[in-house]
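Data first, discussion second: the structure below is written as structure tokens.
In this note's numbering, the protein residues as written are 38 to 612.
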């Protein structure tokens, strides 16, 4: 069967089971958009290419399937670099297709030309410049394989316009032949036995669960390990929901804005069992003083992560789910739960910290009392289904949401971790809702973040994707303001945004959404309930929150986790 390169590309995506893709057409990719008309794939037309990438990320986060974005050459390709980098940092499987100028014009500074493969080489697992239409099915097959195996991540296929118009003989490869790409999935048996021995000797262990748990579909295996051994679990920002927050062994989020118990438990532990986590600087604080007495078991599918920040005593390269399952077997062979030492004293200490240093804020209901952002999040949490998908932007609202929401199910928390991309929430929520149309999706955004990508709500309204957006509007770039207040002598340089410019209600309505404004605590729940009752269009709620509120606890950048600062209005005024 003879097809054009463009037809072969779309057919290849269909063969890979693609149901939804996000994109925006333009000159170089135009031939590929023609066969989309006859395709079974739903195309969602975005308003900016960055939105396409973040939508694909949101889709991938909640479904586990690779997100697909398709854009044209030049500025479209550069616009999608930020989502590519975001996905690369957070190990999100994406397949991005970009148009390119005709192959004969490459290198001539042609209109809307850029070196897309060169620009994206450092933020993709692999990329391809297609020079022969006959290669398209093979390259698409390879792209999906690389994006979804080993440590997941983004890939990019750059297609010159003339290649998409060439004729080719259709075929579909049954397998992938990539001799240099062989991810290790099975952990070394000797290392697994050694890990089991370390666990059986530890009095103050902590399981340090990272985003790799979710990528490996290892939440159930993690719970089995924790319950068998009785070892408490911290879940990083990227792992929220991988272990139920309401489980008695869950300590919550560690790190710069983690809770006191999670942070301090890691510091005082004698064994850290790092599963799919990468010792990120936001978790470790000052590395030389991080968990000084702890031995390290480090499990990761990416061998480059082992020893990158902290040298492990037991390094295990492999898929988290498979390694944890083998580790459980090794512990069972040693006697299972009966082989574990008495950790009563350790657990009592953790409970004491939890009692002494809970998360803290005070919501006044007096006339003139400011609306606290934490109160808004807790009301949202309690008024939505337990499996509601929550998406956040980046900043104070992200930290408050991670702290105060209760994540009891995996794949219910979507956020930008490693890159910290402002503007992530709105498009990622749209992608998540496109992937899980029967689930409620709320985005918690800041006013600074919202202004970066709010135009994608036009996409949501036009495509009938009824996401719900809660803007915690404090009229500032809140996290930057917090740092300036704490570390720059309250010299507030370029962080004030204004509570009224823009008018978020009118803006929401202009984009085809329902717009609501909330200024008082007693108005919060009725507004949320109204938003929950609307399911035929997006809803935006402008919550006017206290501009002076700061995120606590906090570990200042470059400081030891031992220097964690708790809310000065609570406890001992900081530790």
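Even for Gly, the Cβ is constructed at its ideal location relative to N, Cα and C.
DSSP state of residue i, grouped into three classes?
i	result
residue 151	coil
residue 598	helix
residue 610	Confidence in residue 610 is poor, its pLDDT being 38 and thus under 50, which makes the residue's placement unreliable; the coordinate value appears in the next sentence. Coil at residue 610, not helix or strand.
residue 567	helix
residue 477	coil
residue 26	In the structure as shown, the chain starts at 38 and stops at 612, and residue 26 therefore has no counterpart that could be examined.
residue 487	helix
residue 75	helix
residue 593	coil
residue 511	coil
residue 6	Residue coverage of the chain in this structure runs from 38 to 612, which leaves residue 6 outside it and unanswerable.
residue 290	coil
residue 587	coil
residue 524	helix
residue 236	helix
residue 25	Here the chain covers residues 38 to 612 and nothing more, so residue 25 does not appear.
residue 164	strand
residue 423	coil
residue 141	helix
residue 450	strand
Since residue i is in the beta strand (DSSP E), which residue starts that stretch and which ends it?
i	result
residue 429	426-429
residue 135	131-137
residue 444	It is not in any beta strand (DSSP E) - residue 444 carries neither H nor E in the DSSP assignment.
residue 463	First-last for residue 463: 462-472, but that is the alpha helix (DSSP H), not the beta strand (DSSP E).
residue 334	332-337
residue 173	Where residue 173 is concerned, there is no enclosing beta strand (DSSP E), although the alpha helix (DSSP H) it sits in stretches over 173-185.
residue 361	From DSSP, residue 361 is part of no beta strand (DSSP E) but of the alpha helix (DSSP H) over 357-370.
residue 39	39-41
residue 193	191-197
residue 297	No beta strand (DSSP E) holds residue 297; the alpha helix (DSSP H) holding it covers 297-305.
residue 204	204-206
In the DSSP assignment, find the alpha helix (DSSP H) that holds residue i and state where it starts and stops.
i	result
residue 67	67-70
residue 93	86-100
residue 494	493-499
residue 409	Segment: none, residue 409 is in no alpha helix (DSSP H) and carries neither H nor E.
residue 121	118-127
residue 268	Run containing residue 268: none; DSSP gives neither H nor E here.
Rounded to whole angstroms, what's the CA-CA distance from residue i to residue j? Just pull it up for me.
i	j	result
residue 64	residue 138	9 Å
residue 126	residue 338	15 Å
residue 72	residue 543	38 Å
residue 367	residue 229	7 Å
residue 274	residue 465	16 Å
residue 611	residue 605	Reliability fails at residue 611, whose pLDDT of 39 lies under 50, so the model's placement of it is uncertain and the value that follows must be treated cautiously. Whole-angstrom Cα-Cα distance: 6 Å.
residue 335	residue 313	8 Å
residue 257	residue 272	14 Å
residue 640	residue 96	Missing from the structure shown is residue 640; the chain here goes from 38 to 612 and no further.
residue 471	residue 441	26 Å
residue 332	residue 391	24 Å
residue 526	residue 347	34 Å
residue 231	residue 276	25 Å
residue 248	residue 141	43 Å
residue 443	residue 173	45 Å
residue 98	residue 469	7 Å
residue 136	residue 143	12 Å
residue 323	residue 596	5 Å
residue 204	residue 340	42 Å
residue 263	residue 365	10 Å
Does the Cβ of residue i have 16 or more other Cβ atoms within 10 Å, making it buried, or fewer, making it exposed?
i	result
residue 389	exposed
residue 252	buried
residue 401	exposed
residue 165	buried
residue 299	buried
residue 524	exposed
residue 609	Low local confidence applies: a pLDDT of 42 at residue 609 is under 50, so the model's placement there is unreliable, with the coordinate-based value given in what follows. Residue 609 should be labelled exposed.
residue 580	buried
residue 161	buried
residue 356	buried
Does the pairing of the segment 496-515 with the segment 574-588 give three or more beta-carbon distances under 8 Å?
-> yes
Stretch pair the segment 408-418 + the segment 447-463: three plus CB contacts closer than 8 Å = no
Three-pair Cβ contact test at 8 Å for the segment 445-458 versus the segment 534-541 = No: the two stretches stay apart, fewer than three of their Cβ pairs being nearer than 8 Å.
Taking three-plus beta-carbon pairs below 8 Å as touching, is the segment 299-315 in contact with the segment 228-243?
-> yes
For the segment 416-432 against the segment 469-481, are there 3 or more C-beta pairs whose distance is under 8 Å?
-> yes
Within the chosen definition, does the segment 208-217 reach the segment 264-271 through at least 3 CB pairs nearer than 8 Å?
-> no
Report yes or no: do the segment 274-294 and the segment 220-227 share at least 3 C-beta pairs separated by less than 8 Å?
-> These segments do not touch.
Between the segment 496-505 and the segment 568-575, do three or more beta carbon pairs fall short of 8 Å?
-> Because the criterion of three Cβ pairs below 8 Å is met, the segment 496-505 and the segment 568-575 touch.
Should the segment 43-55 be called in touch with the segment 172-187, which here means at least 3 C-beta pairs below 8 Å?
-> yes
Assess, as a yes-or-no matter, whether the segment 319-330 is touched by the segment 197-205 under the definition of 3 or more beta carbon pairs within less than 8 Å.
-> no
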